[in-house]
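Those sequence lines, one after another, are chains A and B. So that you can map any letter, position 189 of the first sequence is 267 in the working numbering, and since no number is skipped, the others follow by simple counting. So that you can map any letter, position 261 of the second sequence is 275 in the working numbering, and since no number is skipped, the others follow by simple counting. Glycine residues also receive a C-beta, built at the ideal position from the N, C-alpha and C atoms.
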Amino acid sequence: MSGNLSDDLRQAYVVAKNEFVKYVRGKKIILVGLLLLLVWGLITALPVLFNESMTAKDHFAGYVSFIYLLVVIIVAMFASGAISSEYEERTALVVFTRPIKKWPIFIGKLFSALILGIAAMALYYLMSIVAIFAYTQELPPNILLSLAFAILYVFAATGVAMMFSSLVKKSGTSAILTFFFLFLITNILYSMLAVYNVEPWYIIDYVYTHISNAVLYGTNVVPPVSQELLEGMTIMQPGYDPLKATGVAVAWGVVTLVVSYLLMKRREI
Amino acid sequence: MSNGYPIEIHGLRKAYGSFVAVDDLNLNIEKNSFTGFLGPNGAGKSTTLKILTNLTKASGGNALINGIDVNANPKEALRGTGTVVETPEFYSYLTPAETFRYIGEIIGMSSESIKTQTDEILEEVKMTEWKDNRIGTFSKGMKQRIAIGQSLLDNPSVIILDEPTSGLDPRGTAEMRQILKGIRNGKRDLTVLMSSHMLYEVSDLCDRVAMINHGKLLLHDELEKVMFSSGRKVVLKTVGSIDEAVSKLKGLSNISDVTVLGKEITVRLDGDREAQAQLMKEVVSMNIGIYSLAQSGNTLEDRYLDIIKESR
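1) If we count the other Cβ atoms within 10 Å of its Cβ and call it buried at 16 or more, is Ile266 of chain A buried or exposed?
2) Taking 7 Å as the threshold (C-beta atoms), are Ile226 of chain B and Gly31 of chain B in contact?
3) Count Cβ pairs between the segment 186-201 of chain A and the segment 112-131 of chain B that sit closer than 8 Å; are there 3 or more?
4) For Val11 of chain B, which residues from the same chain have a beta carbon less than 6 Å from its beta carbon, with the 5 sequence-adjacent residues on both sides left out?
5) Answer yes if the segment 175-193 of chain B comes into contact with the segment 81-100 of chain B, meaning at least three C-beta pairs across the two stretches below 8 Å, and no otherwise.
6) Return helix, strand or coil for Lys28 of chain B, following the three-state DSSP convention.
7) If you measure from the beta carbon of Arg93 of chain B to each beta carbon in chain A, is any gap under 7 Å?
8) Can you pull the chain A neighbours of Asn68 of chain B, defined as C-beta to C-beta under 8 Å?
9) Which residue or residues does DSSP assign as beta-bridge partners of Asp176 of chain B?
10) Does the distance from the CB of Phe242 of chain A to the CB of Thr256 of chain A come in under 7 Å?
11) On the DSSP bridge assignment, give the partners of Gly196 of chain B in chain order.
12) Using DSSP bridges, identify the partner residues of Lys277 of chain B.
13) List the whole-angstrom C-beta distance separating Ile161 of chain A from Met342 of chain A, where the pair is believed to meet the contact cut-off of C-beta under 8 Å.
14) Listed from N- to C-terminal order along the chain, which residues in the segment 138-171 of chain A have their beta-carbon within a distance smaller than 8 Å of any beta-carbon of chain B?
15) To be precise: take each residue of the segment 268-294 of chain A, compare its Cβ to all Cβ atoms of chain B, and keep it if any distance is under 7 Å. Which residues remain?
16) What does Ile120 of chain B reach in chain A if we use C-beta pairs closer than 8 Å?
17) Tyr214 of chain B: which of B:Ala91, B:Arg191, B:Glu236 and B:Leu204 sits nearest, CA to CA?
18) Pull out every residue of the segment 97-112 of chain B whose Cβ sits closer than 9 Å to any Cβ of chain A, in chain order.
19) Can you name the start and end residues of the beta strand (DSSP E) that Val36 of chain B belongs to?
20) Can you name the residues of chain B whose CB is closer than 9 Å to the CB of Val99 of chain A?
21) Please list, in chain order, the chain B residues whose beta carbon lies closer than 9 Å to that of Asp85 of chain A.
22) Name, going along the chain, the residues of the segment 147-167 of chain B whose beta-carbon falls closer than 8 Å to a beta-carbon of chain A.
23) Mark Leu114 of chain A as exposed unless 16 or more other C-beta atoms lie within 10 angstroms of its C-beta, in which case mark it buried.
24) Indicate the three-state DSSP secondary structure (helix, strand or coil) for Val139 of chain B in the structure shown.
25) For a cutoff of 7 Å on Cβ pairs, would you count Ile108 of chain A as touching chain B?
26) For the alpha helix (DSSP H) containing Met73 of chain A, name the first residue and the last one.
27) Going by DSSP in three states, Gly119 of chain A sits in which element: helix, strand or coil?
28) Taking just the CA atoms, how far does Leu207 of chain B sit from Thr175 of chain B?
29) From the DSSP secondary-structure annotation, give me the bridge partner or partners of Val256 of chain A.
30) How many whole angstroms separate the CB atoms of Tyr107 of chain B and Gly150 of chain B, which I take to be in contact at a CB cut-off of 8 Å?
31) Does the beta carbon of Arg103 of chain A sit closer than 7 Å to a beta carbon anywhere in chain B?
32) Taking one C-beta from the segment 176-186 of chain A and one from the segment 117-124 of chain B each time, how about it: are there three or more such pairs within less than 8 Å?
33) What whole-angstrom Cβ distance do Val285 of chain A and Ala239 of chain A have, given they're in contact under 8 Å?
34) Whose Cβ in chain A lies nearer than 8 Å to the Cβ of Lys64 of chain B?
35) Could you tell me whether the segment 222-242 of chain B touches the segment 57-68 of chain B, where touching means 3 or more Cβ pairs closer than 8 Å?
36) Leaving out the 5 sequence neighbours to the left and right, which residues in its chain are closer than 8 Å to Asp316 of chain B when beta-carbon positions are compared?
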């Protein structure tokens, strides 16, 4: 039994290694690298050009405000093609007919997509910290907590991307669905529920809000508040709860990954 | 359950809604045979091979490789099995050597073994020259040679081929047939099950034939028996008088169904190769101007068409 498991894990490692080779040799990784550099470059250069006096916290707010979009683009580019590409490009006919279970293939692909997303986030944070320190000679508080939420968001978003990847035939369709789901659908739900005075803590976007709020609130809990937006119209300002946000990210990640795996397992050629 | 055959299919069934692709199929493939798996489009060949290679789950029955149920334990069943299903694609960013390493690592081969076998197999499939070029730039024929090559990794005891020459140009088809002949005649201890629409290819490569239609087995036997079960079709060409030749041939005891087309006479010979040799002697002694006597090249095709027609 343990021999079987160790062989399955060894195979998952082999699959993950091949995925990395795919990412490294593909053009997508260069595009993601350029995107990170462009976003970082603009946020770094513009305050300097306009001679804006900013604190480390203000600076950091600028950097983290685009993480949402970066994560969505990264998972749409990588994780959304992880499963579908095997069917679309017919490589499944070679790999899936080998003595390997489906789950080591799934885990290998998930692992590589996650590592890539986490590495991109870590690099972006490192670049941001260097720039902030160079500009203000100080560091904003709770950077690591913010990074932890960014990583949790990567995990949850990767689950969504892989779910679409297991569901549809083409990687392009999966990428579009991932992008629109994370960028539009959940955003609309999150905003509309807030308008109806419901705290949308169960929407994946709740995790994203913690990436920037971590700098402000650290490990404290801030309850949701109902704010008056216009006369007679109130809107729910979602709270800040690190534990709840962690749970939401883990739940989104685990549920979507389980659905993704089951879809892949049932999928036939 | 297992009867010791490398491939065993018991009561196999696969239904897609109300359409039954494979219907209570029973088939045992003999050890060390090269079996051609024939049938018209939609007969259930590919579905059967996909079930055997774990690409599709059966709705009922069992498919066993080396005694292990593919449905219940695909990983163990496919250990020691090489496959080429349809026209597979490979990761375009890998070279053939890297592809073999990837598949070898999945199988669990040692690095040394992967390296040795990669060199040997690439030589065998005539791809050594392109060993370090990325597959993305390869033609269909080259990719198909890589497909055959990867199926040989780790010295499998069973190889399953689903139309290995499908979509190849005549040169690619001929090259692939040569490679398959090399594999058949090589020193490997192999059992091969190959589906194909190319009846010439099957009669050239296989020693056994299984035919299916509507998901059911129609026939499974030695190629020779299938081809000549209702006699051998022999074509004679003459430069002499057709009428005289036909008349004399009809007088022979083991000849029937004499038909004439131009200067060609086709007869059905009741008997084996020795009977054919005897016929040759007799037509020479008859002195009727026969300059060519050959077995009809369409024998398997004729039998195939007869059997498929009967099954409709």
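Well, looking at it:
1) Residue mapping note: residue 266 of chain A aligns to position 188 of the first sequence, counting from 1. Result: exposed.
2) In the second sequence, counting from the first residue as 1, residue 31 of chain B sits at position 17. In the second sequence, counting from the first residue as 1, residue 226 of chain B sits at position 212. Taking 7 Å as the Cβ cut-off, Gly31 of chain B and Ile226 of chain B do not qualify as a contacting pair.
3) no
4) Since the first residue shown for chain B is 15 and the last is 326, residue 11 of chain B is missing from the structure and cannot be characterised.
5) yes
6) Start at 1 with the first residue of the second sequence, and residue 28 of chain B comes out as number 14. Lys28 of chain B falls in the strand class under three-state DSSP.
7) For this step, residue 93 of chain B is matched to residue 79 along the second sequence. Output row for Arg93 of chain B: interface = yes.
8) Here residue 68 of chain B refers to the residue found at position 54 of the second sequence. Phe174 and Thr175, listed in chain order.
9) Position 162 of the second sequence holds residue 176 of chain B. BP columns for Asp176 of chain B point to B:Ser209.
10) On the first sequence, position 164 is the one that residue 242 of chain A refers to. On the first sequence, position 178 is the one that residue 256 of chain A refers to. Yes. Within cutoff.
11) If you number the second sequence from 1, residue 196 of chain B lands on position 182. Paired residues: none, contrary to the question.
12) Taking the second sequence and counting its residues from 1, the one referred to as residue 277 of chain B is at position 263. According to DSSP, which records beta bridges pairwise, Lys277 of chain B is partnered with nothing at all.
13) Along the first sequence, read from residue 1 onward, the residue named residue 161 of chain A stands at position 83. Along the first sequence, read from residue 1 onward, the residue named residue 342 of chain A stands at position 264. Their Cβ separation, rounded to whole angstroms, is 5 Å, which keeps Ile161 of chain A and Met342 of chain A in contact under 8 Å.
14) For the segment 138-171 of chain A, which is checked against every Cβ of chain B, the residues closer than 8 Å are Glu167, Arg168, Thr169, Ala170 and Leu171.
15) none
16) Looking up residue 120 of chain B in the second sequence gives position 106. Within 8 Å Cβ-Cβ: Gln89, Val92, Val93, Val173, Arg176, Pro177 and Ile178.
17) Taking the first residue of the second sequence as 1, we reach residue 214 of chain B at position 200. Checking every option, the nearest Cα to that of Tyr214 of chain B belongs to B:Arg191.
18) Thr97, Val98, Val99, Glu100, Thr101, Pro102, Glu103, Phe104, Tyr105, Ser106, Tyr107, Leu108 and Glu112
19) Reading the second sequence from its first residue, position 22 is the one you call residue 36 of chain B. Phe33 to Ile43 is the extent of the beta strand (DSSP E) around Val36 of chain B.
20) Here residue 99 of chain A is taken as the residue at index 21 of the first sequence, counted from 1. In chain order: Tyr105, Tyr107, Leu108, Glu112 and Tyr116.
21) The sequence position of residue 85 of chain A within the first sequence is 7, counting from 1. Proximity of chain B to Asp85 of chain A at the Cβ level (cut-off 9 Å) is accounted for by Lys89 and Gly122, in chain order.
22) Ala161 and Gln164
23) Here residue 114 of chain A refers to the residue found at position 36 when the first sequence is read from its first residue. That one is buried.
24) In the second sequence, the residue the question calls residue 139 of chain B occupies position 125. Val139 of chain B: coil per DSSP, three-state reduction.
25) Residue 108 of chain A sits at position 30 when you count from the first residue of the first sequence. No, no contact with chain B.
26) Outside the shown range of chain A (79 to 347) lies residue 73 of chain A, about which nothing can therefore be said.
27) Your numbering for residue 119 of chain A matches position 41 in the first sequence. DSSP places Gly119 of chain A in helix when its eight states are reduced to three.
28) Position 161 of the second sequence holds residue 175 of chain B. Position 193 of the second sequence holds residue 207 of chain B. According to the sequence as given, residue 175 of chain B is Leu; it is not Thr. For Leu175 of chain B and Leu207 of chain B, the distance between alpha carbons rounds to 6 Å.
29) As a position in the first sequence, residue 256 of chain A is number 178, starting the count at 1. Here residue 256 of chain A is Thr; the residue named in the question, Val, does not match the sequence. Thr256 of chain A is not bridged to any residue.
30) Along the second sequence, one-based indexing puts residue 107 of chain B at 93. Along the second sequence, one-based indexing puts residue 150 of chain B at 136. Going by Cβ atoms, the distance from Tyr107 of chain B to Gly150 of chain B rounds to 7 Å, so yes, they are a contact pair.
31) Numbered from 1 along the first sequence, position 25 holds the residue referred to as residue 103 of chain A. Yes - at least one Cβ of chain B is within 7 Å of the one on Arg103 of chain A.
32) yes
33) Here the question's residue 285 of chain A lines up with position 207 in the first sequence. Here the question's residue 239 of chain A lines up with position 161 in the first sequence. Between Ala239 of chain A and Val285 of chain A the Cβ distance is about 15 Å, and since that is not below 8 Å, they are no contact.
34) Residue 64 of chain B sits at position 50 when you count from the first residue of the second sequence. Neighbourhood of Lys64 of chain B in chain A, by CB distance below 8 Å: Glu346 and Ile347, in chain order.
35) yes
36) Working through the second sequence from its first residue, we reach residue 316 of chain B at position 302. Excluding positions up to five away in sequence, the list reads Lys247 and Ser310.
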